[in-house]
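Chains as they are written, first to last, in my numbering: chain D, 1 to 110; chain H, 1001 to 1110. Worksheet: the structure to be examined is printed underneath.
Number of protein chains: 2
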Amino acid sequence: MTPAADLDATLSALADPTRRGVVELLSTRPRRAGELAAAFSVSPPAMSRHLRVLRTRGLVEEARGGDDARVRMYRLRREPFDALRQWIEEVEAFWGDPLGASRDPAERRR
Amino acid sequence: MTPAADLDATLSALADPTRRGVVELLSTRPRRAGELAAAFSVSPPAMSRHLRVLRTRGLVEEARGGDDARVRMYRLRREPFDALRQWIEEVEAFWGDPLGASRDPAERRR
DNA sequence: CCAATGATTAACTGATAGGTTAAATAAATA
DNA sequence: TATTTATTTAACCTATCAGTTAATCATTGG
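Dropping the structure here:
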């Protein structure tokens, strides 16, 4: 199983609405730090710290943009999302899910 | 898409290690509150509050145990886990996942 | 070289979360 | 009814977190 520490890092990173919004934006395409700050109308320092949280916990990675070295591009990393999804699937095994069945929400609930 | 507020409730509930441990325990079978408190060596009041968080956010439900009404059993609710898994899958669509492919971690990472 | 731009770090602040002990509530039992 | 057991609520304390402004670092372009 995924080390508990990793899950903790991932979940506490995603527990913040701004960071979750960042993740959603980045799931469209990589973005610059400033672009992200503007998108959520938080100050650049605030966004910088959110990005640091996401980076140190492995949810995003920094890729210094090619031509202009002042710019920092951020891109999603897959691993933590895979690990979290897997954890959820293990929990959901409680309902006897044959792993992929009952993707349909119209099924029994409890 | 799942309302952002629900995701926030689910994720902030799961961001705490103790509550996550409770979820893992409950994914085996429903338990009494006291049983859970003992399992994580936290005081009953602390566990009570964790359970309230999990309950108000819909991750567990209370099912007053049949014979002894002092006892309260807690049981997992499926909905929030489904919703969270779905959100993750949407994010992971970034990698062109055909929804169920690349369950194999040996695939490309970014 | 100097001014402007993109972003981060530093220092401070207010709000929130989780833990504890003590008191209260509720129900089974002697 | 009084006592014991299971759990929650109340009150309090400390630590952490997210946001802000001001200062710093790095890079580009006049």
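Just so it is clear, CB atoms sit at the ideal spot from N, CA and C, and this is done for glycine as well. Computed from a predicted model, the values in this text were never measured in an experiment.
| Going straight from the alpha carbon of Arg1109(H) to that of Gly1096(H), what length do you get? | Model confidence at Arg1109(H) stands at a pLDDT of 45, short of 50, so the residue's coordinates are unreliable; what they give is reported in the following sentence. Separation of Arg1109(H) and Gly1096(H) (C-alpha to C-alpha, rounded to the nearest whole angstrom) is 12 Å.
| message | Does Ala1106(H) pass the burial test, meaning 16 or more other C-beta atoms within 10 Å, or should it be called exposed? | response | Its pLDDT being 46, under 50, Ala1106(H) is placed unreliably by the model, and nothing is read from it.
| Touch check for the stretch 1023 to 1042 of chain H and the stretch 32 to 45 of chain D: three-plus C-beta pairs under 8 Å? | In short, these stretches do not touch, since the Cβ pair count stays below three.
| First and last residue of the beta strand (DSSP E) that includes Arg19(D)? | No beta strand (DSSP E) contains Arg19(D), which is instead part of the alpha helix (DSSP H) from 17 to 26.
| message | If I follow the unbroken alpha helix (DSSP H) through Ala1033(H), where does it start and stop? | response | Per DSSP, Ala1033(H) belongs to the alpha helix (DSSP H) from 1033 to 1039.
| task | Could you tell me the distance, in whole angstroms, from the CA atom of Arg19(D) to the CA atom of Pro1017(H)? | result | One C-alpha to the other measures close to 20 Å.
| request: Give me the Cα-Cα distance between Ala13(D) and Ser1041(H), rounded to the nearest whole angstrom. | output: Each residue's Cα considered, the two are about 26 Å apart.
| query | Taking 8 Å as the CB-CB limit, is Val1042(H) close to chain D? | reply | For Val1042(H), the answer is no, since every Cβ of chain D falls outside 8 Å of its Cβ.
| request: Kindly list, in the order they appear in chain D, the residues whose Cβ is closer than 7 Å to that of Asp1008(H). | output: Near Asp1008(H) (Cβ distances below 7 Å), the residues of chain D are Pro17.
| message | Under 8 Å, Cβ to Cβ, is there at least one residue of chain H near Arg85(D)? | response | Yes, contact with chain H.
| query | Which bits of chain H does Val91(D) rub up against, with CB to CB less than 8 Å? | reply | Using a Cβ-Cβ cut-off of 8 Å, Val91(D) is close to Val1023, Glu1024, Ser1027, Leu1076, Phe1081 of chain H, given in chain order.
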